[in-house]
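Asks:
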Amino acid sequence: MKKLSGYSFFALLLLAVNVQAQQPLSFNSGHSHNDYKQNIPLLRAYYAGMGSIEADVFLKDGQLYVAHELKEIKPEATLLKQYLEPLYRLYKQNGNHPYADPKLKLQLVIDIKEDHEHVLPQLLKELKPFQDMVNKPANPDAVSIVISGDMPKPADFKDYPLIISFDGRPTTVYTEQQLKRVAMISEDLKNYTVWNGKGTPTGPDAAKLKAVIDAAHQKGKPFRFWASQDSPNTWLELEKFGVDWINTDVPEKLHEFYLRKDKLTYTNLVAYPVYQPTYKSDGADKKVKNIILLIGDGMGLAQIHAGWIANHGNLNITMLRNSGFSQTAAANSGNTDSAAGGSAIAMGEKTNNRYIGMGTDDKKRTNLADTLATYGLKSGIISAGDITDATPAVFYAHQPDRSYNEAIAKDFLDSHVDILVGSNQKIFLQNPDTGLMKKLENKGYTLSKSVADFQQKSSGKQLVLLPDSATRPVKDGRGDMLAQSLKHTIKLLSANKKGFFIMTEGAQIDYGGHVNDLKYVVTELHDFDKTVAEALRFADQDGETLVLITADHETGGLTLLDASAAEGRIQGEFSTNDHTNIMVPVYAYGPHSGDFTGTYSNTEIFKKIMKLFTGK
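Residues 112 to 727 (my numbering) make up the sequence shown, in order.
1. By how many angstroms is the C-alpha of A166 removed from the C-alpha of A132?
2. Could you tell me the alpha carbon to alpha carbon distance between P209 and N150, rounded to whole angstroms?
3. What is the DSSP secondary structure of N401, reduced to helix, strand or coil?
4. What residue does the beta strand (DSSP E) around D558 start on, and which one ends it?
5. Check whether the Cβ atoms of H366 and A211 lie closer than 8 Å to each other.
6. Roughly how many angstroms separate the alpha carbons of A495 and H637, rounded to a whole number?
7. Looking at C-alpha atoms only, which residue of N145, A322, L198, K722 is the closest neighbour of T482?
8. Taking 8 Å as the CB-CB limit, is L405 close to chain E?
9. With a threshold of 8 Å on Cβ separation, who are the neighbours of F592 within its own chain once the five nearest residues in sequence on each side are excluded?
10. Is the distance from the Cβ of Q536 to the Cβ of I467 below 8 Å?
11. Pairing CB atoms from the segment 455 to 467 with CB atoms from the segment 430 to 446, are three or more of them under 8 Å?
12. How would you label E225, buried or exposed, when you count the other beta carbons within 10 angstroms and need 16 or more for buried?
13. Curious, which full-length beta strand (DSSP E) runs of at least 3 residues does the segment 189 to 255 contain?
14. In the DSSP assignment, the alpha helix (DSSP H) including N433 goes from what residue to what residue?
15. Under a Cβ-count criterion, where at least 16 other Cβ atoms within 10 Å of its own Cβ denotes burial, should R200 be classed as buried or exposed?
16. Pairs of beta-carbons, one from the segment 393 to 405 and one from the segment 668 to 682, closer than 8 Å: are there three or more?
17. Could you check how far apart the C-beta atoms of H227 and M262 are, in whole angstroms? I think they sit under 8 Å.
18. When you compare each of V505, K475, S490 to G453 by their alpha carbons, which one comes out closest?
19. Please confirm if the segment 511 to 522 is in contact with the segment 553 to 560, defined as three or more CB-CB distances below 8 Å between the two stretches.
20. Check each candidate in Q288, I420, I274 and name the one with the smallest Cα separation from A382.
21. Who are the near neighbours of R292 in its chain, counting only those whose CB is closer than 7 Å to its CB and skipping five residues on each side?
22. Please report how far the alpha carbon of G310 lies from the alpha carbon of N344, in whole angstroms.
23. What does DSSP give as the partner residue(s) for H142 in the beta ladder?
24. According to DSSP, simplified to helix, strand and coil, what is I428?
25. How do the segment 617 to 636 and the segment 649 to 660 stand: do at least 3 beta-carbon pairs fall below 8 Å, yes or no?
26. Run through the DSSP bridge pairs and tell me what H690 is partnered with.
27. How is the alpha helix (DSSP H) around A338 delimited, first residue to last?
28. On the CB-based measure, 16 or more other CB atoms within 10 Å of its CB, does K641 come out buried or exposed?
29. Pull up the distance between the alpha-carbon of K608 and that of T600, whole angstroms please.
30. Decide if K114 is buried, meaning its Cβ has at least 16 other Cβ atoms within 10 Å, or exposed.
31. Per DSSP, S392 forms a beta bridge with which residues?
32. Once DSSP output is grouped into helix, strand and coil, what is the label at M614?
33. Alpha carbon to alpha carbon, how far is V130 from S140?
34. Would you call the CB atoms of V626 and G435 closer than 8 Å?
35. With DSSP run on the structure shown, which of helix, strand or coil describes S116?
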């Protein structure tokens with residue numbers, strides 16, 4: 112290894128300190144470029160919290176107008192009417208602060224298109240009634256007035272009052288005194304790279320971008336590129352290079368992006384180990400005695416890949432060699448919900464959204480658990496959420512609407528499910544059918560109110576109704592109830608000589624997608640993946656167990672923007688707070704796992720399971 116010189120070591124140390132010292136950007140780091148072109152000048156950018164708002168100006172007939180070209184000037188579009196007066200009213204409403212939140216700052220960038228010699232005196236005249244708002248540097252809470260475009264020579268900065276400062280350029284040489292009048296340093300991005308904002312710049316271009324930004328920082332000045340693309344990936348890349356102002360023509364989108372940035376970023380510092388399958392029975396043409404179906408609610412390929420990256424490039428799911436794709440559309444919509452998506456898997460035919468275990472003709476259909484019971488197989492249904500929610504419910508209930516939780520709970524009386532595990536115990540214990548729990552007891556079910564209590568049971572039918580706190584999100588401290596519940600359910604049902612079917616749901620991957628919270632999604636996926644490990648471990652021990660992993664649909668339209676498997680770091684974006692029509696993966700492990708490769712309707716999962724169990 113090459114030894115670093117003292118100078119090199121010092122340089123690296125200085126770089127590390129600079130990187131560490133740089134504060135993360137926020138929406139207040141946005142620069143509303145050509146703001147006057149917005150359909151509502153000033154206010155769109157202002158209410159998006161932009162810290163910098165730019166107006167191009169021309170002097171005409173003794174007034175300053177905002178426009179990009181002289182021919183675009185409109186009589187009402189004066190700097191006074193569109194910017195200074197409304198900004199002053201807001202400043203006063205906020206108790207002499209640019210924003211109601213005193214931590215937010217604001218600079219008004221006046222881009223002079225031509226003739227600064229005459230424009231600047233007129234600008235100072237128009238600013239005079241608003242001296243208290245623009246009185247910098249005397250008032251740190253004032254709105255900064257920054258001159259850009261056609262500017263005086265640096266040697267002439269001293270000829271203008273301190274209430275205005277100037278937009279510097281990286282190639283301009285400033286004296287120490289002149290530099291004090293420079294508010295920021297800006298440059299055209301195209302002067303350094305042909306990068307179009309997609310992906311990352313080339314190595315040489317990246318070095319040039321970093322160098323010009325670092326040079327500005329060494330002068331103690333914030334930096335901005337103009338002519339940059341407006342996209343989350345561009346914003347992320349520019350922030351990584353160290354820019355202080357994000358140039359944008361879409362201030363509201365930039366606001367939303369940075370407002371939700373904490374929810375769109377997640378780093379998992381320590382990876383958990385994954386189980387190494389033996390593959391001894393994987394793909395074997397032999398009898399399938401047991402099937403463990405694991406449904407990651409809302410889990411698409413992006414969610415799986417996010418989990419893989421966050422676990423430093425490893426998942427139990429991705430250890431499987433056989434995979435396919437399931438098409439999830441409902442009967443009455445291309446975009447399914449969990450009720451229709453789950454019902455398709457549980458009963459083998461498409462149905463309408465919101466339907467639980469019923470056909471489009473509004474008639475009940477027999478589900479997997481009930482059908483398999485006629486062949487002597489035992490079954491278990493487990494969820495890391497509400498056990499009367501759509502995905503688990505389709506395996507034991509029949510209702511025309513997924514919201515009929517009380518009726519869904521009552522339907523369990525007629526089900527052949529042997530073990531039911533999940534939360535929302537209130538819907539059973541305080542059901543309008545006051546005799547429900549007694550009827551379930553008479554049918555042979557033993558009630559447990561905790562996983563620990565369930566784990567003490569050694570045989571018989573089990574109804575495990577957990578308090579809602581037991582299925583709180585993993586990020587809020589849930590623990591491994593899903594893996595432990597599956598492990599004990601396998602132990603109990605393994606006693607059945609004819610075999611078993613277990614559906615285990617990672618319910619809250621979906622919840623995280625609905626609220627567009629990447630940490631929520633990934634921590635739930637990791638919990639689900641650890642549960643997968645328990646299924647794989649049993650499959651290897653047993654040799655006659657098929658493990659299937661899929662989803663009822665994808666939730667959130669997740670896109671991964673920036674990632675490092677080495678660091679366990681991911682950053683993403685969601686396109687919706689709803690489900691999408693994106694195909695979802697199907698992973699298979701054990702005997703006949705190869706039967707699940709290819710692309711097919713979600714109804715085929717039911718049919719393939721039935722064929723393996725019954726030969727039909």
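The C-beta atom is built at its ideal place from N, Cα and C for all residues, glycine as well.
Replies: Here's the rundown:
1. Sequence index remark: in the sequence shown, residue 132 carries index 21 (1-based). Sequence index remark: in the sequence shown, residue 166 carries index 55 (1-based). Low confidence applies to A132: its pLDDT is 47, below 50, so where it sits in the model is not reliable enough to give any reading.
2. Position 98 of the sequence shown, counting from 1, holds the residue named residue 209. Position 39 of the sequence shown, counting from 1, holds the residue named residue 150. Distance from the CA of P209 to the CA of N150, rounded to the nearest whole angstrom, comes to 22 Å.
3. Here residue 401 refers to the residue found at position 290 of the sequence shown. When DSSP states are grouped into helix, strand and coil, N401 belongs to the strand group.
4. As a working note, residue 558 is residue 447 in the sequence shown. Reading the sequence as shown, one finds Leu at residue 558 and not Asp. Run containing L558: 556 to 559, per the beta strand (DSSP E) assignment.
5. Here residue 366 is taken as the residue at index 255 of the sequence shown, counted from 1. Here residue 211 is taken as the residue at index 100 of the sequence shown, counted from 1. Here H366 is not near A211, since their CB atoms are 8 Å or more apart.
6. Against the sequence shown, residue 495 aligns to sequence position 384. Against the sequence shown, residue 637 aligns to sequence position 526. Taking the Cα positions, A495 is about 13 Å away from H637.
7. Numbered from 1 along the sequence shown, position 371 holds the residue referred to as residue 482. Nearest of N145, A322, L198, K722 to T482, Cα basis: K722.
8. Although the question refers to chain E, the structure presented lacks it and comprises just one protein chain.
9. As a working note, residue 592 is residue 481 in the sequence shown. For the sequence presented, residue 592 should be read as Met rather than Phe. Closer than 8 Å at Cβ, skipping near neighbours: A495, V562, L577, A581, T582.
10. Position 425 of the sequence shown holds residue 536. Position 356 of the sequence shown holds residue 467. Pairing Q536 with I467 gives a Cβ-Cβ distance that is not under 8 Å.
11. Cβ pair count under 8 Å is three or more, so yes.
12. By 1-based counting over the sequence shown, the position of residue 225 is 114. Flag for E225 reads exposed.
13. Whole beta strand (DSSP E) segments, 3+ residues: 218 to 223.
14. Looking up residue 433 in the sequence shown gives position 322. Bounds of any alpha helix (DSSP H) do not take in N433; it lies within the beta strand (DSSP E) bounded by 433 to 438.
15. For this step, residue 200 is matched to residue 89 along the sequence shown. An exposed status is given to R200, since fewer than 16 other beta-carbon atoms sit within 10 Å of its beta-carbon.
16. No, because fewer than three Cβ pairs between the segment 393 to 405 and the segment 668 to 682 fall closer than 8 Å, the two stretches do not touch.
17. The residue you call residue 227 lines up with position 116 of the sequence shown. The residue you call residue 262 lines up with position 151 of the sequence shown. Indeed, because the Cβ distance is near 6 Å, the residues count as touching under 8 Å.
18. On the sequence shown, position 342 is the one that residue 453 refers to. Residue V505 is the option with its Cα nearest to G453.
19. Taking 8 Å as the limit for Cβ pairs, the verdict is that the segment 553 to 560 does not touch the segment 511 to 522.
20. The residue you call residue 382 lines up with position 271 of the sequence shown. Of the residues Q288, I420, I274, the one whose Cα lies closest to the Cα of A382 is I420.
21. Looking up residue 292 in the sequence shown gives position 181. Result list for R292: F268, S276, F277, in chain order.
22. Here residue 310 refers to the residue found at position 199 when the sequence shown is read from its first residue. Here residue 344 refers to the residue found at position 233 when the sequence shown is read from its first residue. Taking the straight line joining both Cα atoms gives about 7 Å.
23. Position 31 of the sequence shown, counted from the start, is the residue given in the question as residue 142. H142 pairs with S163, N358.
24. In the sequence shown, counting from the first residue as 1, residue 428 sits at position 317. The three-state reading of DSSP puts I428 in helix, counting H, G and I together.
25. No: the two stretches stay apart, fewer than three of their Cβ pairs being nearer than 8 Å.
26. Start at 1 with the first residue of the sequence shown, and residue 690 comes out as number 579. In the DSSP output, where bridge partners are listed per residue, H690 has T666.
27. Locating residue 338 in the sequence shown gives position 227, where the first residue counts as 1. A338 -> no alpha helix (DSSP H), and no H or E assigned at all.
28. Position 530 of the sequence shown, counted from the start, is the residue given in the question as residue 641. Its Cβ being crowded by 16 or more others within 10 Å, K641 is buried.
29. Residue numbering aside, residue 608 sits at position 497 when the sequence shown is read from its first letter. Residue numbering aside, residue 600 sits at position 489 when the sequence shown is read from its first letter. Distance from the CA of K608 to the CA of T600, rounded to the nearest whole angstrom, comes to 15 Å.
30. Start at 1 with the first residue of the sequence shown, and residue 114 comes out as number 3. Note that K114 scores a pLDDT of 40, beneath 50, so its modelled location is shaky; the value from the coordinates is reported in the next line. The residue is exposed, with fewer than 16 neighbouring Cβ atoms inside 10 Å.
31. On the sequence shown, position 281 is the one that residue 392 refers to. Among the bridge pairs identified by DSSP, S392 is matched with none.
32. Stepping through the sequence shown from its first residue, residue 614 is reached at position 503. Residue state for M614 is assigned as strand, using DSSP reduced to three classes.
33. What you label residue 130 is simply residue 19 of the sequence shown in a count that begins at 1. What you label residue 140 is simply residue 29 of the sequence shown in a count that begins at 1. Caution applies to V130, whose pLDDT of 38 falls short of 50 and renders its modelled position unreliable; the value that the coordinates give is listed next. Looking at the two C-alpha atoms, the distance is approximately 17 Å.
34. Residue 626 sits at position 515 when you count from the first residue of the sequence shown. Residue 435 sits at position 324 when you count from the first residue of the sequence shown. At a Cβ-Cβ threshold of 8 Å, V626 and G435 do not count as neighbours.
35. Walking along the sequence shown from the start, residue 116 turns up at place 5. For S116, the predicted structure reports a pLDDT of 40, less than 50, and the residue's modelled location is therefore unreliable. A value from the coordinates is still provided. Coil.
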